[in-house]
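There are 4 protein chains.
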Amino acid sequence: MAGNTIGKIYSLRSFGESHGKAIGGVIDGCPAGLRLEEDDIQRELDRRRPGASPLVSPRREPDRVEILSGLFRGVTTGMSVGFIVYNRDARSEAYDALEHLYRPSHADCAWQAKYGIRDHRGGGRSSAREHVARVVAGAIAKQFLRLEGISVHACTARVGHVQIEQDHPTLPCPPGSAIGCPDPLKEAEMVELIREVSRAGDSIGAIVAGVIRGVPPGAGEPVFDRFQARLAHYMMSINAAKGFEYGEGFRAAAMKGSEHNDPLRASSRGVIPVTNHAGGILGGVTSGEEITFRVAFKPVPTIALPQQTVTTSGEDVELTATGRHDPCVVPRVLPVVEAMAAMLTLDMMLESNLYPPT
Amino acid sequence: MAGNTIGKIYSLRSFGESHGKAIGGVIDGCPAGLRLEEDDIQRELDRRRPGASPLVSPRREPDRVEILSGLFRGVTTGMSVGFIVYNRDARSEAYDALEHLYRPSHADCAWQAKYGIRDHRGGGRSSAREHVARVVAGAIAKQFLRLEGISVHACTARVGHVQIEQDHPTLPCPPGSAIGCPDPLKEAEMVELIREVSRAGDSIGAIVAGVIRGVPPGAGEPVFDRFQARLAHYMMSINAAKGFEYGEGFRAAAMKGSEHNDPLRASSRGVIPVTNHAGGILGGVTSGEEITFRVAFKPVPTIALPQQTVTTSGEDVELTATGRHDPCVVPRVLPVVEAMAAMLTLDMMLESNLYPPT
Amino acid sequence: MAGNTIGKIYSLRSFGESHGKAIGGVIDGCPAGLRLEEDDIQRELDRRRPGASPLVSPRREPDRVEILSGLFRGVTTGMSVGFIVYNRDARSEAYDALEHLYRPSHADCAWQAKYGIRDHRGGGRSSAREHVARVVAGAIAKQFLRLEGISVHACTARVGHVQIEQDHPTLPCPPGSAIGCPDPLKEAEMVELIREVSRAGDSIGAIVAGVIRGVPPGAGEPVFDRFQARLAHYMMSINAAKGFEYGEGFRAAAMKGSEHNDPLRASSRGVIPVTNHAGGILGGVTSGEEITFRVAFKPVPTIALPQQTVTTSGEDVELTATGRHDPCVVPRVLPVVEAMAAMLTLDMMLESNLYPPT
Amino acid sequence: MAGNTIGKIYSLRSFGESHGKAIGGVIDGCPAGLRLEEDDIQRELDRRRPGASPLVSPRREPDRVEILSGLFRGVTTGMSVGFIVYNRDARSEAYDALEHLYRPSHADCAWQAKYGIRDHRGGGRSSAREHVARVVAGAIAKQFLRLEGISVHACTARVGHVQIEQDHPTLPCPPGSAIGCPDPLKEAEMVELIREVSRAGDSIGAIVAGVIRGVPPGAGEPVFDRFQARLAHYMMSINAAKGFEYGEGFRAAAMKGSEHNDPLRASSRGVIPVTNHAGGILGGVTSGEEITFRVAFKPVPTIALPQQTVTTSGEDVELTATGRHDPCVVPRVLPVVEAMAAMLTLDMMLESNLYPPT
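Protein chains in written order, with the numbering used here: chain A, 2 to 359; chain B, 2 to 359; chain C, 2 to 359; chain D, 2 to 359.
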């Protein structure tokens, strides 16, 4: 109930603070019989690792994952999978100044009210560093899905005012992409914008587009556990997420039924829609088409510009933040979005008896 | 697991098909000691009732709710609350033609693939008629919340291309409003647009804006069960919902941190934000400010215009739908949005030990 | 969380008080495609019905079940199954005297402390009349299990000091058995004992033995959700249950490993144990052998003899109970034990991917 | 769903195999504000540690626990608590001979059937070594309970044919007790019996009696989540448990209502029962009296005597087990029983809004 657990069958429970000893978790519901590739998990972690480019936080964390259980000679046994990633470069002293004040648009004040105690070092558990556990559990989910030909991909669709064409978001990114945008010209603009706001001590919002390919028809449960409802839950649990849509999303509000409906036609692989305005889900259940969705993120709240705030003893002060942070959630949030989509997809396939395939 | 249950403490499990005997449910987790006003429940049902205006389906259902348990002399006892609303005006014969074909952009085809069987009469359980149970459980939740001075309100913010100013959505509606839009001039345009698409045999999408007022700080659980994540889940489980956002939502993607951050200041009622771009939630936990959100809905998929589709035996055909339906989800979806918001708010307050207040 | 729901996949949520309008429930997780035999459900209800013999309560309830949803032309659709059994012969006036005092060894006093309110009429929801909903959900589970050759059987193994031989409990009962005891001579003694205590205004305890046959190997989840742990939960949730054991149960405490261990041998149907001291479960997982268990029940606490008790205003008084009740939980608890065992078995098979068989 | 998680609010998810890298877990739902005493946790682990006496396994594990998260300056923050206990003295080579055969009355064969793969080293996750995680989570629960004056105590009530008087089980043990039996004379007999079966290469069963003191009235949820039903679940999830009873337990089957009912009387602390045959729970809810229960354990299945068994390739063979093991579950299971009782009590108090006290 306390919110550190997600998933019904393939389920992650995580722990760890930004400046604590370690981030880790326990995955329950891992099907038996998969040869787990630890390199693949590490590759996903590396995508999210800080210190990897001038666009992201300079904190230097190796982020090496250690699997502690659930494997026998490299193969999953059906037992719970414990894992741990030790924190190595936590510089808590940089946060000493924050112990006695509340950062605007951070969890600080609300958590203090809720718990009466708060770990101010690097934001404690409210830091996006908890995403590390999600990426590990998502990387394992991806390996299960890959066996069935299912893939998950996220790209940067918008940074500030720079956005790609609506129709591009699910295209592959060119090799060497800095922030995972499928349109190289737009990406250059986005990178420049991120550098600019960073130099100005500011931050900027973004939109991530995702696609899940290869999911068979029938995943999802009618009424309250529709695929899209649980996908929204998973995505909106990511730090800084402010909005979720799938298929045509908010644009559907401006459309007529005759425009938005997807006509059906018979084909050799059964009944298929001519278009996919629906985004791959009907009646809460996957249709077999691509599942498309977008997630909006606010600008990272930690900025270097001076801000008006209040101390824990109730005095108005001006804050000029230090500490290491990203000016934009992209590119580091992309593997997190993918991880959450992968976990949800595997979980709903298990729940709907679609995994393992019979 | 099968998706007909929502909520952890204040929890609804519902049943019923559009043309079955009844819609109903069992609410578990109703706190003891509330004098339940059945009239208030009925009033909410009446807001969603078909046949009430020329803008909505002409199906004539009295939608009388009967509470079957959990009350002693009108007061809740802490026991589960069973309730039932009998279906009275189901005209299944109008759907006979639909038994052997799949309606585009409906659940038909996906559910057939999933279950191998499907109740085609009025869409069975995929019909928005299941919302009746939500409205009942939400109306009861509202009564609990009202005791603590908490209110939930939803209004129509957009129909097709007609939208109110961004800053209005949480204003009260004028008395006699036809579709719950706070701006009378815009409402007139919206109503005209709905009539127009209805005459043309078409339908139109919409956006609903909601606000939850009076929630104390501290509701919501960090990491995976953030208030916004579960609110997104609740909203995206409503029929025809395509998108969810809270606070600045998708607009936050175009904002800088220095614009989006809410400065804090000391006040007689504690630390408060100068602005509320955050939408009332920080670190997954309510801040004590208004919780603002918006939900996008697709155009109702049932239209009278001819559409290309496929029979259950795999032949391409043209469908011209009959049956009774709404041209737009508003106004009937408004009490459903409110019901879901009320249920979630009560549930998270119970989970976070904020209800009953100590 | 409030305790009116049981099961993870095949799950019952029930409602209803002894003297309320109805008993009912909603079953979620019913697999699609089963032709449901309502007569079979009714037959199970009839086994539990009051008024059927001189050994049981004279309350006359027809206990007719009505299925409200989840069926299409008699076949389950995978949707939630709502059902209702109206109360017809509730004579609340007989309980008027009990409004202002607490019955010894009943829920009265504890519930009053917990909720601050209590439905005293027939014990409200603490009455064994809530078992009606269990029997309905169990009868449906039995139909699913029967398709796979799985059966559940419960018999009376002890009433007061009269008990059958340890080795008999899973034998079939002879036709016409009054209280479901497989040994006709012992049954005659038991019946005489029940009559005797009944005449004396007293009541008597009992032990029920159960067996689940035909469960394939592999149902149950290691560590916390072992088959026996969840079976214990299900059984100990029955009114008046005081103890649970499986296999050798408490007798195992007096045995040596060399006596209790079941040697293994190779056979044409795989590895099988020579004996079944284990009771069909190893490492929390079904072994493929018969699952044997026993449940102890206290004497029914409602007795006609005078008892010392206290009024709600705190005065010591003597209570001489009226109202209609059974002198012993058998025979009416037998279908309840079977129902709980059937629900648990189906649920764990669904959870362990053993149902439907592939 | 996969069974490695227990508890609704105060909830443990554990991981780890007997011969893997570590045993550990994540506790969710730890209330904020408790100064956690790591020494107290270690003391509980030491009670369960192997190698501590000639009566238990000679495996030498320091069993040092490391708390990884959820604390700020030694005080719980409300965040999830990760912990780890590294395995140090796993001698897997002793188990090489067991890779290709199934040990009688162990999980081996059932788990192989279920998962198609199995970690044979020390029994993998089916080993009682997983109890380490329970003891850690239970020790933390005990600290929360202690603040409210609630204590949990378990003692040895029976070993083989040697048993204490029925009325003694909840008495304190004398200092220096070898196996936690409150009756020194009986304990001497029990110890001698354990030594004897151990010398003979055999093992012996036992019964543990427990008492939970100081729980206020009102913990527990009616119908399916009665306190006793969930306590039975917790206890029957312990390795080797075969039976559970509370209050009079199985003896209640032989009693009359007039003997078993607990008369009530008015007292300065409210309505109280004159006797406590009920075992502290009525209507599924704690009454405020002592909660008494007993758990039966089978003899440890690993014995040195030759046994008939089968290889993984289906040949009948004789097994003479090696490896290090206990001849009886007591005394090492006592802190496990206490841990499970403490976790359940805290969880149900949280669920019933009795913790923290208002």
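Even glycine gets a Cβ: it sits at the ideal position worked out from N, Cα and C. These numbers were taken from a predicted model, which means no experiment stands behind them.
Around R74(D), the same chain offers no residue with a beta carbon nearer than 7 Å, after the five sequence neighbours per side are excluded. Residues of the region 109-141 of chain B that bring their beta carbon within less than 9 Å of a beta carbon in chain C comprise W112, K115, Y116, G117, I118, R119, D120, H121, R122, G125, R126, in sequence order. The region 178-191 of chain D and the region 267-278 of chain C do not touch, with fewer than three beta-carbon pairs separated by less than 8 Å.
Taking the Cα of V301(C) as reference, the smallest distance to any Cα among R270(C), S314(C), I205(C) is reached at I205(C). Looking only at D90(B), T77(B), L72(B), D348(B), the smallest Cα-Cα distance to A23(B) is reached by D90(B).
Going by DSSP, D348(C) is part of no beta strand (DSSP E) but of the alpha helix (DSSP H) stretching over 335-352.
Interface with chain D (8 Å Cβ-Cβ cutoff): F73(C) is excluded. In the structure shown, Q167(D) adopts coil according to DSSP, grouped into three states. G258(C) carries a helical assignment under DSSP once its states are collapsed to helix, strand and coil. Within chain C, V224, F225 have C-beta atoms less than 9 Å from the C-beta of S15(D), given in sequence order. For M256(C), the nearest beta carbon of chain D is closer than 8 Å to its own beta carbon. Our two residues, K299(B) and F225(C), have alpha carbons roughly 44 Å apart in a direct line. Taking a Cβ-Cβ cut-off of 7 Å, H20(B) has no neighbours in chain A, whose nearest Cβ is about 16 Å from it. Listed along chain B, the residues sitting closer than 8 Å to F298(A) by beta-carbon distance are A253, A254.
In the pairwise beta carbon analysis, the region 215-234 of chain A is classified as not touching the region 204-218 of chain B: fewer than three pairs are separated by under 8 Å. In the displayed model, A279(B) falls within coil according to three-state DSSP, outside both helix and strand. Annotated three-state conformation of K22(D) is coil, per DSSP. Residue pairing of E246(B) in beta bridges, as defined by DSSP: G244(A), R295(B). Residue range 152-160 is occupied by the beta strand (DSSP E) that includes H154(B). Here R196(C) carries a helix assignment [DSSP, helix/strand/coil].
Beta-bridge analysis with DSSP links T77(C) to L72(C).
The beta-carbon of S93(C) is placed no less than 8 Å from the nearest beta-carbon of chain B. Listed in chain order, the alpha helix (DSSP H) runs fully inside the region 81-119 of chain C are 109-116, counting runs of at least 4 residues. Annotation for E38(D): no alpha helix (DSSP H) segment contains it, and DSSP assigns it neither H nor E.
The three-state reading of DSSP puts R130(A) in helix, counting H, G and I together. Looking at F145(D), G26(D), A134(D), the one whose alpha-carbon comes closest to that of V76(D) is F145(D). No Cβ-Cβ contact shorter than 8 Å links M344(B) with A155(B).
Taking 8 Å as the cut-off, the beta carbon of I10(D) is found closer than this to the beta carbon of E352(D). The beta-carbon of L283(B) is placed less than 8 Å from the nearest beta-carbon of chain A. Between R196(C) and chain D, the shortest Cβ-Cβ separation is not below 8 Å. A contact is defined here as three or more CB-CB pairs under 8 Å, and the region 34-48 of chain A fails this definition with respect to the region 36-47 of chain D.
Within the same chain, P32 come within 7 Å of P357(C) by CB-CB distance, once the 5 residues on both sides are set aside. Within its own chain, the residues whose Cβ lies closer than 6 Å to the Cβ of Y87(D), once the five positions on either side in sequence are excluded, are A23, listed in chain order. DSSP places R231(A) in the uninterrupted alpha helix (DSSP H) bounded by 228-237. When Cβ-Cβ separations below 8 Å define contact, S12(A) makes no contact with chain B. Here the alpha carbon of V209(C) sits roughly 14 Å from the alpha carbon of K187(C).
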